[in-house]
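J.: The opening position of the sequence shown corresponds to residue 0 in numbering that gives the first Met the number 0, with each subsequent residue numbered one higher.
Cβ atoms here follow ideal geometry from the backbone N, Cα and C, with glycine treated the same way.
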Amino acid sequence: MTGTSPRCDIPALRESLRCDRLNLEKTFLQQGKAARLLGAHSKLIDGYLQRIWQLMAFPKHTALIAVGGYGRGELYPKSDIDLLVLLEDAPDESLQHMLRELIALLWDIGLEVGHSIRTVAECISESTDITVQTNLLEARLLCGQPALFEQLCKSVRQHLVAKEFFLAKLHEQEQRHARFDDADFNLEPNLKESPGGLRDLQIVTWISRAAGLGTRWTELAQAGLITLSEAHQIACHDALLQTLRIRLHYLARRREDRLLFDFQTTLAEQLGITDSANRRASEHLMQRYYRTRRAVRLFNTILLQHLHDYLFRDTLPQHALNERFRMVGTRLEMRDEHLFEHRPEAIFELFLIMQQRLELTDLSANTLRALWRARLKIDATFRRDPQNQAHFMEILRQPHGVIHALRRMNQFGILGSYIPAFGRIVGQMQHDLFHVYTVDEHILMVVRNLRRFALEKHAHELPLCNKLMGEFARPEVLYIAGLFHDIAKGRGGDHARLGMKDARKFCTLHQLSHDDSQLVVWLVEQHLTLSSTAQKQDLADPEVIAEFAENIKNDRYLVALYLLTVADVKGTSPKVWNAWKGKLMEDLFHLTRRYMKEGAIDNHLTEIREQAAATLNLYAISATSYQMLWAQLDDSYFMDHEAQEIAWHSRLLYFRVNDPAPIVKARLSRAGSGLQVLVYCRDQRWLFARICDFFARLSFTIVEAKIHTTQHGYALNSFQVMEVNRSDMDYRDLMNYIEFELTEKIRLAEPINPVSGGRMSRQLKHFPLNTKINIATDRHGIYVLTLIAGDRPGLLARFAHILDRHHIRMHRAKINTMGSRAEDVFWISGSMLSKPADTSLFLNELLEKI
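1) According to DSSP, simplified to helix, strand and coil, what is residue 810?
2) Between residue 245 and residue 33, is the Cβ-Cβ spacing less than 8 angstroms?
3) Quick one: what's got a C-beta closer than 8 angstroms to residue 807's C-beta in the same chain, skipping five residues either side?
4) Quick one: what's got a C-beta closer than 8 angstroms to residue 559's C-beta in the same chain, skipping five residues either side?
5) Taking the alpha carbon of residue 166 as the point to measure from, which residue in 423, 310, 802 has its own alpha carbon closest?
6) In three-state DSSP terms, what is residue 576?
7) Which of the three DSSP states, helix, strand or coil, is assigned to residue 425?
8) Buried or exposed: where does residue 227 fall if 16 or more other Cβ atoms within 10 Å of its Cβ makes it buried?
9) Distance check for residue 54 and residue 7, CA to CA, integer angstroms please.
10) Looking at the structure shown, is residue 694 part of a helix, part of a strand, or coil, going by DSSP?
11) For the beta strand (DSSP E) containing residue 675, list its first residue and its last residue.
12) In angstroms, rounded to a whole number, what distance separates the CA positions of residue 129 and residue 141?
13) Helix, strand or coil: which one does DSSP assign to residue 531?
14) Go through its chain and collect everything with a Cβ distance to residue 566's Cβ below 6 angstroms, but skip five positions before and after it.
15) Can you check which of these residues, 149, 643, 474, is closest to residue 617 by C-alpha distance?
16) Are residue 656 and residue 628 touching if we call contact CB-CB under 8 angstroms?
17) Going by CA-CA distance only, name the one from 60, 388, 355, 789 that's closest to residue 504.
18) Whole angstroms is fine: what's the gap from residue 857's alpha carbon to residue 422's?
19) Look at the alpha carbon of residue 654 and the alpha carbon of residue 539, and state the distance between them as a whole number of angstroms.
20) Taking all protein chains shown into account, decide if residue 50 is buried (16 or more other Cβ within 10 angstroms of its Cβ) or exposed.
21) Looking at residue 459 and residue 451, is the spacing between their C-beta atoms short of 8 angstroms?
22) Which same chain residues end up closer than 6 angstroms to residue 704 when comparing Cβ atoms and leaving out the 5 residues on each side of it in sequence?
23) Residue 178 to residue 780, Cα distance in whole Å?
24) Quick check: does the Cβ of residue 37 come within less than 7 angstroms of any heavy atom belonging to the ligand ADP?
25) By a C-beta neighbour count over all protein chains shown, 10 Å radius and 16 as the cutoff for buried, is residue 277 buried or exposed?
26) Thinking residue 302 and residue 225 are a contact (beta carbons under 8 angstroms), I'd like their distance in whole angstroms, please.
27) Taking contact to mean at least 3 C-beta pairs separated by less than 8 angstroms, is the stretch 248-257 in contact with the stretch 314-331?
28) Hey, is the stretch 205-214 in contact with the stretch 344-352, meaning 3+ C-beta pairs nearer than 8 angstroms?
29) Rounded to a whole number of angstroms, what is the C-alpha to C-alpha distance between residue 134 and residue 47?
30) How many Å lie between residue 486 and residue 688 at the Cα?
31) Identify every run of the beta strand (DSSP E) within the stretch 121-158, keeping only runs that are complete inside it and at least 3 residues long; order them along the chain.
32) Check the C-beta distance from residue 72 over to residue 16 and give it rounded, since I have them as a contact under 8 angstroms.
33) So residue 98 and residue 90 are in contact, right, with Cβ under 8 angstroms, and what is the actual spacing, rounded?
34) Would you call residue 117 buried or exposed, if buried means 16 or more other Cβ atoms sit within 10 Å of its Cβ?
35) Would the stretch 689-704 count as touching the stretch 790-798 if we require 3 or more Cβ pairs under 8 angstroms?
36) Would you call the stretch 543-555 and the stretch 435-445 touching, i.e. three or more CB-CB distances under 8 angstroms?
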């Protein structure tokens, strides 16, 4: 064969294919039928391939076979076209040339193909790879020799061991779930690979095909694995995932399977979803997706359990537990498949047995299905039944398995049916730039954290939480507060106050004592208070501590609020919690506890000085040595710093009080991560901006800044900084680098250009946060500026530059970064702040440039 060009008009074929695909797209966008589009696209490509195969006149001993998703007849708009060229024998040089021309031609006309060229024997040899074996299961003859294709199918069937295939696919799924089940994929899930995605449905059809049970959901119903109603439900969930993936391909104009922020809003609009009063259209879309994902994971679990039982048919030992349940092997099974219909109270009994019998590892397939249907039996009558209420409370009081029980209840729709307010937030995403879990997942993560605090094997993570949790009587009170703290999200208004009503109703219904009910309701109302105070107020101010303590009834209330707060922040996102935030909250806890015990902290300054002096004495530094330094420091310095910080500063500076050269020193933070950096030099304009610019260019995050000017005109500034991705340099080298380079930057005092805005996160780009700036005076007459904005590189440096341009002094800063959201507080002073017109100009510039 001399070439394909005399027989194939490549430009014409390419244009024809483009027009045909465009027509398919238009039809789909008008009708929205996913299965029809996938089938029509597969048939369209079939026609082009068959035409080209015939034009090129391939020998009779060859066959062209569709495999993978294309073989299944589900070809997505931008997916690869997986082909197998099946040969009777190894190809000679002439056939190799034809095959090269075939593949080149297919690419030339716009078909992105993934191809393999094998004999039947090679296919069987390669099928030891589970991916190859799966592809061959879905092989479909396009053109060529039917006998050769039948030989392949027969060989595949002969070499396929259904039990081994099941175990291999199960292992493959476990690995895939581990790979795709993280925070990033939670916000922008992969429709194909993420848990609850299309792959979780496909694995069921692959195994059922291998078991000889068919591939359609109705065929699985006929085999008794599911009911026809369940088959219809699965088909609906399958159709939604297919629809989203098809639309995603068309929107992205590429093979894009992740529900990226870039497309969520447009997808919602295409599906007719609009903004509501309190939630974006994209949040409604994602709730629909997350609920589908939950259902798919559930059906995947049930069907794989059924398929396991069908394939292995083990004769397992049975042991009656009571008149309603028995143990089959290590699984719990109902003795009557209609149990929940006749005895709904057995629903919670099932969870209790799973908690109390630690030898039980799972539920039988029939019990799983019955539990899914049982959610429909939970109504107002069920919720009012004292026996059911007692069982639910008993579940929360068990020493083992509380979070497993709650998560399984949520998976099966039981929890949302029993607590209707919880049902409304299932699958609800919050595009607030820092939550990475749906509201229901976040709530259960908070309860999980509370349970984790009590475990000795995790005591090293948060020793104080472990100690407090171990001493806390009736911890179920905390779990209930955790369940209700965010339950009113998405309703509009103050979710804490709205959640109080739901919590109070639950406590009354479940007959909690008056004291415990009051505590739960108070915790729901106040669950943001401790975090906000610790991260946004000056903890060195005794009046801040006194005001915070006034709202707390007793030590049990304080401990409960502290534990719930830590669990809440840790359950928001892996990126939101850090050791510095933990330290701030722990500091507030200890300061408040002390205030509540002693009634006042008027002697705080004296104690701080004495503690710092005692530490310095350990270093053989006499009081006369550091008095010259301390004489230059006012009370605000001692109020702002802990004793160990003052001792560190004093050790470094007592003999250099009037040193003309800048001094920069760094050490590992006592908070557990990050660095503390001390800057001491003659005060100069732009100093704070220069330091912020330095750290911004190193990609460091300043989480706290304490700015002081001594009596003799020196700046004594301390910074708590968190490093980002500095694995290329060890801490010692990093500290040396900071000490040298920052010293030079201050010494040279060169003009600075503020760091550019940098690249904003895609989440911030598509779900922008309106910048909010507020200035008010605190109880001491100090101006406090609060900034809420989308976090971007160099934000603080640009802010500091604007302050210096307006001759505004910074005294202290608390920087709170939550994902892509910054909530910062600055204590500032300047003559222009007393002039409304000047202040307005300053604020306008901040809004424009921040």
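T.: With the structure as the only source:
1) strand
2) yes
3) 827, 828, 829, 831, 832, 841
4) 471, 476, 477, 480, 518, 522
5) 310
6) coil
7) coil
8) exposed
9) 8 angstroms
10) helix
11) 674-681
12) 23 angstroms
13) helix
14) 445, 448, 449
15) 643
16) yes
17) 388
18) Residue numbering for the chain in the displayed model covers 0 to 849; residue 857 lies beyond these limits and cannot be assessed.
19) 27 angstroms
20) exposed
21) no
22) 718, 812
23) 53 angstroms
24) Ligands displayed in this structure: none; no statement on the ligand ADP is therefore possible.
25) exposed
26) 7 angstroms
27) no
28) no
29) 22 angstroms
30) 42 angstroms
31) 139-143
32) Their Cβ separation, rounded to whole angstroms, is 19 angstroms, which puts residue 72 and residue 16 out of contact at 8 angstroms.
33) 7 angstroms
34) buried
35) yes
36) no
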